[in-house]
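> So for the sequence shown, our numbering puts the first residue at 2; every next one is plus one.
C-beta atoms are modelled at their ideal positions from N, C-alpha and C, and glycine is treated no differently.
Quick caveat, the model's predicted, so the values are computed rather than measured.
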Amino acid sequence: MMRGPVPEEFALKQTAPKIAGSGVITGGDKVICAYDLVEQMEYLYVRVVKAKDLPAKEVNHSCDPYVEVKLGNYKGITKHFSKKTNPQWNLVFAFSQDQLQASSVEVVVKDKDFVMDEFIGRVTFELADIPRRVPPDSPLAPQWYKLEEKRGEKLRKGEIMLALWKGTQADEVFPDAWHSDAAAVGSEGVSKIRGKVYLSPRLWYLRVNVIQCQDLQPSDRSRPPEVFVKVNLGNQALKTRISSLRSVNPSWNEDLVLVVAEPFEEPLVLTVEDRVAPNKEENLGKCMILLNTIPKRPDNKPVSAKWLNLEKHAIVEGEKKVTKFASKIHLRLSLDGGYHVLDESTYYSSDYRPSSKILWKSSIGLLELGIISATGLSLMKSKDGSGTTDAYCVAKYGPKWVRTRTIIDSVSPKWNEQYTWEVFDSCTVITIGVFDNGHLQGGKDASIGKVRIRLSTLETERVYTHSYPLLVLKPTGVKKMGEVQLAVRFSCSSYLNMLNKYTQPLLPKMHYIHPLSVFQLDMLRFHAIQIVSARLGRAEPPLKKEVIEYLLDVGSHIWSVRKAKANFMRIMNVMGGLVSIAKWFDQIRHWKNPLTTILTHILLVILVFFPELVFPTFFLFLFFVGIWRYRQKPRHPPHMDIRLSNADAVGPDELDEEFDTFPTSKSSDVVRNRYDRLRSIGGRIQTVMGDLAMQGERFESLLNWRDPRASALFVTFCLVAAIVLYITPLQIVALAAGFYLLRHPKLRSKVPPFSTNFFKRLSARSDSML
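#1: On a CA-only basis, which of P132, T79 and M117 is nearest V50? Give me that one, please.
#2: What separation, rounded to the nearest whole angstrom, lies between the Cα atoms of E423 and G366?
#3: What separation, rounded to the nearest whole angstrom, lies between the Cα atoms of I330 and W205?
#4: Checking 8 Å against the spacing of the C-beta atoms, do Y393 and T407 come in under that value?
#5: With 16 as the cutoff for other CB atoms within 10 Å, does H1 come out buried or exposed?
#6: Could you give the residue range of the alpha helix (DSSP H) that holds M511?
#7: Have a look at the DSSP bridge pairing and note the partners of Q337.
#8: If we count the other Cβ atoms within 10 Å of its Cβ and call it buried at 16 or more, is T665 buried or exposed?
#9: Using a Cβ-Cβ cut-off of 7 Å (strictly less than) and excluding sequence neighbours within five positions of A447, which residues of its own chain qualify?
#10: Just to confirm before moving on: does the CB-CB distance between M162 and W179 stay below 8 Å?
#11: Applying the 10 Å Cβ sphere with the 16-neighbour rule, what's the burial state of L596?
#12: Indicate the three-state DSSP secondary structure (helix, strand or coil) for T272 in the structure shown.
#13: Does the distance from the CB of L703 to the CB of L743 come in under 8 Å?
#14: Determine the extent of the beta strand (DSSP E) in which F491 is found, giving its start and end residues.
#15: Quick one: grab the DSSP three-state call for Y727.
#16: Which residues mark the beginning and the end of the alpha helix (DSSP H) in which Y393 is found?
#17: Which runs of the beta strand (DSSP E) at least 3 residues long sit entirely within the segment 112-182? Give them in chain order.
#18: Can you tell which of L656, K58, Q89 and S220 has its C-alpha closest to the C-alpha of L474?
#19: Helix, strand or coil for I409 per DSSP?
#20: Looking only at C-alpha atoms, which of L156, Q213, G697 and H528 sits nearest to N236?
#21: Within the continuous alpha helix (DSSP H) that includes D523, where are the two ends?
#22: For the candidate residues E160, E266 and A765, whose alpha-carbon lies nearest to that of L148?
#23: Once the 5 residues before and after E9 are set aside, which same chain residues still bring their CB inside 6 Å of it?
#24: Looking at the secondary structure, which residues open and close the alpha helix (DSSP H) in which F616 lies?
#25: If you draw a straight line from the C-alpha of M576 to the C-alpha of I431, how long is it?
#26: Excluding sequence positions up to five away, which residues of its chain have a Cβ less than 7 Å from the Cβ of L309?
#27: Rounded to a whole number of angstroms, what is the C-alpha to C-alpha distance between V1 and K566?
#28: Counting only C-beta atoms, is H81 closer than 8 Å to chain D at any point?
#29: How many angstroms separate the CA atom of Q89 from the CA atom of H81?
#30: Quick check on the DSSP output: what are the complete beta strand (DSSP E) runs of length 3 or more inside the segment 41-98, in order along the chain?
#31: Sort out for me which residues DSSP pairs S387 with in a bridge.
#32: In angstroms, rounded to a whole number, what distance separates the CA positions of A262 and R203?
#33: Helix, strand or coil: how does DSSP classify W361 here?
#34: May I ask you to list the residues that DSSP assigns as paired with C288?
#35: Starting from H467, trace the beta strand (DSSP E) in both directions and tell me its first and last residue.
#36: For E345, which of helix, strand or coil comes out of DSSP?
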């Protein structure tokens, strides 16, 4: 059973942020929501578009201009252009209202120089005169402003085009703007801290059915060839078994499955090889196939097979010589769109739709996530001799990944960014992770913690605002890295469609009609994650590999004593309900509460003489239990639980084993000790499995005459029971059995009943095992 309550510091906390809350408007088939799940943040926006007729230096008659936007102690700088008097920047600066420490904003144009940048001109605006814009108002049109000298006089030439307004984070320019929070990184690092939305590439399973080859030409005709086919696609490589037909016309009829992503970039390469010796193969030919020529199929209908020519290349004296011959390979190729390509664990997947869009069903609603803030984040790195954290959030649901902007040097960052996803299945999970941006220093992004929220645990149209603990298991034990405050709302557009999802298979039909093996799914998931990491790593700013692997739980299948214990405790907790029922019934049998036992006798008599009431009574009982427990239903979304994970009671050696590399990097003595411990745990599991098998074999031995005397006794009992039950009314038999089970303890014997003794004496096959 589970231990006591979770300590307060690791618990979920309900919060009350200053947000607009619900405000859902249903229009047509879609739900349209306001930007209302985050606290409103006020910003001053300065859009620097371009300049013209800037005065040039007298030396080289040119200038290298850039713009500096100053507001109190905060300063944003554009990039500079070399030798250009009419530059175009088109950059937006956003200054937080909390950081406004001046009454005016100054836009200064300067000339880049090796020694000291020269002042060209400036424009000053009073904050009180800057207009306010509320989306969805039209964007404010930029205007030309004459540049002034430091004394306030207008320059003879030189103008700059600007637009200034006050707004909130709901403004469409907010994601791509330079933020005053990022003043420390300079203009060159702005792209590394901006928030972005990413889309995973659409993944397909590529099925290669290798049927046969014809007219192969091995170099040694005196021996029967041992031919196999190797399939290569990028980093993926598979091969068939060696053909059982040892000839120049081998056959296989074997399926090989790979993962591919749109847009298709790499060709499929098939190589036919002959194993002439151990670790030595001869190339008998190869062919290259472009993926965009392969047909897509949404079901399991067979596609037409085709013959392809095999090309053979031989290297002669450093030059490539092409040998022409008539070898062919017979293939059946298809992009199977009826599967969902798994890149997440099926336990907490965020999407189950198949690859083929023609099989997609309509959405059932919207998921809205407000990433408000974080508090108490751990210091993740050292900067200028002191600890610092540059935090950002990443949320993944379906193919859409979102990344907030990075808040520089803050352990209590405020993002207040809101994102929306279409929901196609309520039995899905959104994952939110908090990271420290190591990209600014050229390092890796460190994980701070993550949160998973299952949509089926949320009530529709309700806004959940909670502070989630960020828990990470480290070699020293479980550690709280801070808290992240989120607002979540699941809006349902079709309640009937959502309920109908509960009657449908979780995965697309192809997973059941033509299932893939567990080994195949694990291997394909590994390759799918690699493809997604490579594609999203090309974006700017890149979504780094360590971030993707952390959110997708790469390596979660590795053995861990802690996880084994946690799963055992989960099983015991589930079995606790059955144990409680057994204890309750045992109390009734032993007359612990005479009134309850008497009522049970009365219920037994009613059900025996009116058997048609058995099932209605049973389901009515379940109905009342369900209604009674409605008061105790969970009020909060699930979160990471250290008790459930057994993270608070794990030993140092078990932690060291969990964080060990794979393969292990420990010494032989440590590995030996861990192996012995694993054997001990495996021995207990083996004993339990043996006990379960023994009980099943004892039931089987009742009629298999392994023990002829026991089988004879059981057969005789069956004959007598059949005669008694034939001549005795069923109600009398049921009543007698019930009264016998409920008899008073004074009428019970201390020794086990003869039925238990007989069953335990039955033979099993344990004595036949080595």
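In short:
#1: Here residue 50 is taken as the residue at index 49 of the sequence shown, counted from 1. Looking at the Cα atoms, T79 is the closest of the given residues.
#2: Here the question's residue 423 lines up with position 422 in the sequence shown. Here the question's residue 366 lines up with position 365 in the sequence shown. Straight-line Cα distance between these residues: approximately 6 Å.
#3: Working through the sequence shown from its first residue, we reach residue 330 at position 329. Working through the sequence shown from its first residue, we reach residue 205 at position 204. Between I330 and W205, the alpha-carbon positions lie close to 24 Å from each other.
#4: Along the sequence shown, one-based indexing puts residue 393 at 392. Along the sequence shown, one-based indexing puts residue 407 at 406. The answer is yes: Cβ separation under 8 Å.
#5: The first residue shown for the chain is 2 and the last is 771, placing residue 1 beyond what the model contains.
#6: The sequence position of residue 511 within the sequence shown is 510, counting from 1. M511 to I514 is the span of the alpha helix (DSSP H), which, as asked, contains M511.
#7: The count along the sequence shown starts at 1 and reaches residue 337 at position 336. The amino acid at residue 337 is misidentified as Gln; the sequence shows Asp. Y206 and R298.
#8: Taking the first residue of the sequence shown as 1, we reach residue 665 at position 664. Classification for T665: exposed.
#9: As a working note, residue 447 is residue 446 in the sequence shown. Apart from sequence neighbours up to five positions away, the residues of its chain that approach A447 with a beta-carbon distance below 7 Å are M381, F436, D437 and G439, ordered along the chain.
#10: Residue numbering aside, residue 162 sits at position 161 when the sequence shown is read from its first letter. Residue numbering aside, residue 179 sits at position 178 when the sequence shown is read from its first letter. In this structure, W179 does not lie closer than 8 Å to M162 by Cβ.
#11: As a first step, residue 596 must be located in the sequence shown, where it is residue number 595. Exposed, since its Cβ has fewer than 16 Cβ neighbours within 10 Å.
#12: As a first step, residue 272 is located in the sequence shown; it is residue number 271 there, counting from the start. Note: T272 maps to strand in three-state DSSP.
#13: Here residue 703 refers to the residue found at position 702 of the sequence shown. Here residue 743 refers to the residue found at position 742 of the sequence shown. The beta carbons of L703 and L743 sit no closer together than 8 Å.
#14: Residue mapping note: residue 491 aligns to position 490 of the sequence shown, counting from 1. Going by DSSP, F491 is part of the beta strand (DSSP E) stretching over G478 to C493.
#15: Counting from 1 along the sequence shown, the entry for residue 727 is found at position 726. Y727: helix per DSSP, three-state reduction.
#16: For the purposes of this step, residue 393 is taken as residue 392 along the sequence shown, with counting starting at 1. Segment A392 to Y398 is the beta strand (DSSP E) holding Y393; no alpha helix (DSSP H) there.
#17: Runs found: 119-127, 144-149 and 155-169.
#18: For the purposes of this step, residue 474 is taken as residue 473 along the sequence shown, with counting starting at 1. If we check each option's Cα against that of L474, L656 comes out closest.
#19: Counting from one through the sequence shown, the residue named residue 409 turns up at place 408. Looking at I409 - three-state DSSP - the assignment turns out to be coil, as it is neither helix nor strand.
#20: By 1-based counting over the sequence shown, the position of residue 236 is 235. Out of L156, Q213, G697 and H528, H528 has the C-alpha closest to the C-alpha of N236.
#21: On the sequence shown, residue 523 is found 522 positions in, with the first residue counted as 1. Segment V519 to L537, the alpha helix (DSSP H) holding D523.
#22: One-based indexing of the sequence shown puts residue 148 at position 147. Out of E160, E266 and A765, E160 has the C-alpha closest to the C-alpha of L148.
#23: By 1-based counting over the sequence shown, the position of residue 9 is 8. Counting only Cβ-Cβ distances below 6 Å, and skipping sequence neighbours, we find nothing.
#24: In the sequence shown, the residue the question calls residue 616 occupies position 615. From DSSP, the alpha helix (DSSP H) with F616 extends over V615 to R630.
#25: Taking the first residue of the sequence shown as 1, we reach residue 576 at position 575. Taking the first residue of the sequence shown as 1, we reach residue 431 at position 430. Rounded to whole angstroms, M576 to I431 spans 29 Å at the Cα level.
#26: Within the sequence shown, the letter at position 308 stands for residue 309. The beta carbon of L309 sits closer than 7 Å to the beta carbons of C288, K329, I330 and L332 from its chain, once the five residues preceding and following it are set aside; these are given in chain order.
#27: Here the chain covers residues 2 to 771 and nothing more, so residue 1 does not appear.
#28: The displayed structure is made up of one protein chain only, and chain D is not part of it.
#29: Position 88 of the sequence shown, counted from the first residue, corresponds to residue 89. Position 80 of the sequence shown, counted from the first residue, corresponds to residue 81. Distance between the alpha carbons of Q89 and H81: 10 Å.
#30: 43-53, 66-72, 75-78 and 89-97, all fully within the segment 41-98.
#31: On the sequence shown, position 386 is the one that residue 387 refers to. By DSSP's assignment, S387 forms a beta bridge with K384.
#32: Position 261 of the sequence shown, counting from 1, holds the residue named residue 262. Position 202 of the sequence shown, counting from 1, holds the residue named residue 203. If you take the alpha carbons of A262 and R203, they lie about 6 Å apart.
#33: Against the sequence shown, residue 361 aligns to sequence position 360. If DSSP states are grouped into helix, strand and coil, W361 belongs with coil.
#34: Here the question's residue 288 lines up with position 287 in the sequence shown. Residue pairing of C288 in beta bridges, as defined by DSSP: L271.
#35: Counting from one through the sequence shown, the residue named residue 467 turns up at place 466. That run of the beta strand (DSSP E) goes V464 to K475.
#36: Translated into the one-based positions of the sequence shown, residue 345 becomes position 344. Looking at E345 - three-state DSSP - the assignment turns out to be coil, as it is neither helix nor strand.
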